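The block underneath contains the structure these notes are about, expressed in structure tokens.
Residue numbers (this note's numbering): 1331 to 1529.
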């Protein structure tokens, strides 16, 4: 009888131990799954953050590369435009040099420039600057322009040719017309290429 009771108690203890062990296993499994889920989620977030960061870096690099490319294209266009302008100016200079060598054509051009300059300034007294070698041609242009100016404006005008200073020798030709006051407006005709530069 005592033996039965001991056996019964041992069976009860063993069953309780098994139940406790199963409970511990279940709890451990649950905690493991929770921990595993947390680790997986954490790693997933880290991976997502990493690739988002990479994606942003790539996007930024693309923008920088595109900006650099656009700048290079813009610079090429500007260089091409500058080259074209330089070529056109050189060609114009060569053509104008031929005009200057042809006295008849150059005289007609100076006549037009002087009269246009007088009309632009509309001052009672004006001074005409010129290259040293252009004196006779400019004198003739001034003599033609004065009566035409008086008729058109109905105003008297005193036009003098500058005898003290000359336009630079390296320009193609042309005239400088001003009112004699350096603080007032001037109209330059330099080399026929930079018409109407107001200062």
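Ideal Cβ placement from N, Cα and C applies to all residues, glycine included.
Every value quoted in this text rests on a predicted model; they were computed, and no experiment measured them.
- DSSP places residue 1490 within a strand segment (E or B) once states are collapsed to three.
- When the Cα atoms are used, residue 1487 and residue 1496 turn out to be separated by approximately 22 Å.
- For the pair of segments examined, the stretch 1412-1422 was found not to touch the stretch 1442-1453: the number of CB pairs separated by less than 8 Å stays below three.
- When DSSP states are grouped into helix, strand and coil, residue 1344 belongs to the helix group.
- C-alpha of residue 1454 to C-alpha of residue 1425: approximately 35 Å in a straight line.
- Take residue 1397, set aside five residues on each side of it, and no residue of its chain has a beta-carbon closer than 7 Å to its own.
- Around the beta carbon of residue 1354, fewer than 16 other beta carbons lie within 10 angstroms, which makes this residue exposed.
- Counted as a single uninterrupted DSSP element, the alpha helix (DSSP H) harbouring residue 1435 occupies residues 1433-1451.
- Here DSSP, grouped into helix, strand and coil, assigns residue 1505 to strand.
- According to the DSSP assignment, residue 1461 belongs to no beta strand (DSSP E), since it is labelled neither H nor E.
- Between residue 1467 and residue 1440, the CB-CB gap stays under 7 Å.
- Non-local beta-carbon contacts of residue 1469 in its own chain, meaning distances under 7 Å to residues more than five positions away in sequence, involve 1491 in chain order.
- Looking at 1500, 1457, 1498, the one whose alpha-carbon comes closest to that of residue 1510 is 1457.
- The bridge partners DSSP lists for residue 1374 come to none.
- Secondary structure in the stretch 1363-1428: no beta strand (DSSP E) run of 3 residues or longer lies completely within the stretch.
- Burial is judged here by how many other beta carbons sit within 10 angstroms of a residue's own beta carbon; residue 1460 has at least 16 and is buried.
- Contact annotation: residue 1427 and residue 1502 have beta-carbon atoms nearer than 7 Å.
- Sequence-distant partners of residue 1442 (beyond 5 residues in either direction) whose C-beta falls short of 6 Å from its own C-beta are missing from its chain.
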